[in-house]
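Worksheet for the structure shown next.
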Amino acid sequence: MTVDEILDAVATAAPEIRSGLPGRRTKTDEQNVSGERQLAADVWADELLGERIGAIDGVGHYASEEREDVEQVGEGHLVAVDPLDGSSNLLSNNPMGTIVGVYDDDIPTTGRSLVAAAYVLYGPITTMVVARDGAVTEYVVEDGKRRDVGAVSLPEDPTVYGFGGRVTDWPPAVEEYVTEIEAELKLRYGGAMIADVSQVLTYGGIFAYPMLQSRPSGKLRLLFEGAPIAFIVETAGGSSSNGAMSLLDVEATSVHQRTPVFVGNDDLVDRLEARV
Ligand code: P6P
C-alpha cells in the first residue's frame, strides 16, 4: 500500500509542479550540495515532494538531490528523489523530469533494495513511467491521476545514443566506443537524463553520462539518478553499468555519491564494458 501511496503522491504532484514552473525560472544565490546552482523551481519542487512523501505512513527517510542530509520522517522505506532532474532546461524551455527511487533499506544500500522506481517527464505531455513487480508501465498524469498508457519494453533494435560530458573530457576508451556506435545510431542528447532515457526506452539505444578524465566517477548521483533509472531500464529488458557492473550492484555509502551511468540495450552496454 505504501508504495502505491508514494507513486500516487508523485502523480498528483506532477501537474502541480508543471504548472508552477513558469514563475520559478529564476536562479537563486544558492547551490545544492553537488555544487549546482539552484533554480527557484528546484527548491520549490523539493519542498512540495518532501512534504507529500514525508507525510505517508510507511516512509522512513526522504533523500533529495536538493538536500545535504537524509531526513528521517518516520519508519519504513527510504525514498530518494531528484525533484527536477535537468532543471537547467527550464531556462531554455526543454524537457526535464522528476526521478523517484523507493528502497526497502537505508544507506548503505544498493539498487537491489529498490522495490519501485519512477520518473515523471515534463514533455509535450506530462507522463510517468513506473517500474515495479517486474513490469514497466507508462501513464499520462496530466490531471494528477495515473491513466495507464501501456507496458514499456526496450526495443530490440537500437536506434539512438546520447552521451554527456565534453568529448575532450572522455577517457580514450569512451571516445573510441562513441566513434564506433555513432556510425550505427542517431545522436539524441538533450541535457536532461529523463528525456534522454525516454528516447532510449522508446527507440532503443544507449544513454550515458560516462566517467570523465576530470571526474572519474562521472556527474550523476547513484541513489536518486543512476540506480532508479537502471532499475527501470533493466526491468524494461535492458542493461545498466558503471563501466564494470550493473548499477544495481554498486553500493551507495553516501547520499550524493556519483557514478558513471550507462543504460540501454544489452549488446551496447556489453560492448561498452568490453572497452572501458
Ligand atoms: P551536462 C542534469 O543536470 C543532469 O543531472 C542530468 O539530468 C543530465 O543527464 C546531465 O546532468 C546533463 O549534464 O553536463 O550535459 O549539462
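Mapping to the working numbering: the sequence shown position 10 is 205, numbers consecutive. All residues carry an ideal CB built from backbone N, CA and C; glycine is no exception. Treat the numbers as computed from the prediction; the structure is a model and nothing was measured.
{"Asked": "What are the boundary residues of the beta strand (DSSP E) that MET323 is part of?", "Found": "321 to 327"}
{"Asked": "From ILE248 to GLU211, what does the alpha carbon distance come to, in whole angstroms?", "Found": "15 angstroms"}
{"Asked": "Are the stretch 429 to 436 and the stretch 331 to 349 touching by the rule of at least three beta carbon pairs closer than 8 angstroms?", "Found": "yes"}
{"Asked": "Taking C-beta to C-beta, are VAL392 and ILE424 nearer than 8 angstroms?", "Found": "yes"}
{"Asked": "Would the stretch 409 to 427 count as touching the stretch 448 to 457 if we require 3 or more Cβ pairs under 8 angstroms?", "Found": "yes"}
{"Asked": "Under 6 angstroms Cβ to Cβ from ALA312, same chain only, skipping five residues before and after it: list those, please.", "Found": "GLY296, ALA326, PRO423, PHE426 and ILE427"}
{"Asked": "Does DSSP put GLY433 in a helix, in a strand, or in coil?", "Found": "coil"}
{"Asked": "I'd like the list of long-range same chain contacts for ARG145, defined as Cβ closer than 7 angstroms, with 5 residues on each side in sequence excluded.", "Found": "A query on residue 145 cannot be resolved here, the shown segment of the chain reaching from 196 to 471 and no further."}
{"Asked": "May I have the straight-line CA-CA distance separating LYS222 from SER287, to the nearest angstrom?", "Found": "13 angstroms"}
{"Asked": "Determine the direct distance from the alpha carbon of ALA330 to that of LEU285, and round the result to whole angstroms.", "Found": "31 angstroms"}
{"Asked": "Within 10 angstroms of the Cβ of LEU467, are there 16 or more other Cβ atoms? Answer buried if so, exposed if not.", "Found": "buried"}
{"Asked": "Measure the alpha-carbon distance for VAL205 versus LEU407 and round it to whole angstroms.", "Found": "33 angstroms"}
{"Asked": "Assuming contact is defined by CB atoms lying nearer than 8 angstroms, are GLU260 and SER308 in contact in what I supplied?", "Found": "no"}
{"Asked": "Buried or exposed: where does THR363 fall if 16 or more other Cβ atoms within 10 Å of its Cβ makes it buried?", "Found": "exposed"}
{"Asked": "What is the DSSP secondary structure of GLU468, reduced to helix, strand or coil?", "Found": "helix"}
{"Asked": "Given 7 angstroms as the limit, tell me if SER435 has its C-beta closer than that to any heavy atom belonging to the ligand P6P.", "Found": "no"}
{"Asked": "Along the chain, where does the alpha helix (DSSP H) that runs through VAL205 open and close?", "Found": "197 to 215"}
{"Asked": "Beta carbon of GLY292, beta carbon of VAL315: below 8 angstroms?", "Found": "yes"}
{"Asked": "Note down the Cα distance separating SER409 from MET196, rounded to an integer number of angstroms.", "Found": "44 angstroms"}
{"Asked": "Is the number of C-beta pairs between the stretch 256 to 270 and the stretch 363 to 372 that are closer than 8 angstroms three or more?", "Found": "no"}
{"Asked": "May I ask you to list the residues that DSSP assigns as paired with ILE193?", "Found": "Outside the displayed range of the chain (196 to 471) lies residue 193, so it cannot be described from this structure."}
{"Asked": "For PRO303, which residues of its own chain have a beta-carbon under 8 angstroms away from its beta-carbon, when the five flanking residues on both sides are left out?", "Found": "GLU446, ALA447 and THR448"}
{"Asked": "With distances taken between CB atoms, is the gap from LEU380 to PRO353 smaller than 8 angstroms?", "Found": "yes"}
{"Asked": "Cβ of TYR404 versus every heavy atom of the ligand P6P: is any distance shorter than 7 angstroms?", "Found": "yes"}
{"Asked": "According to DSSP, is GLN408 part of a helix, a strand, or is it coil?", "Found": "coil"}
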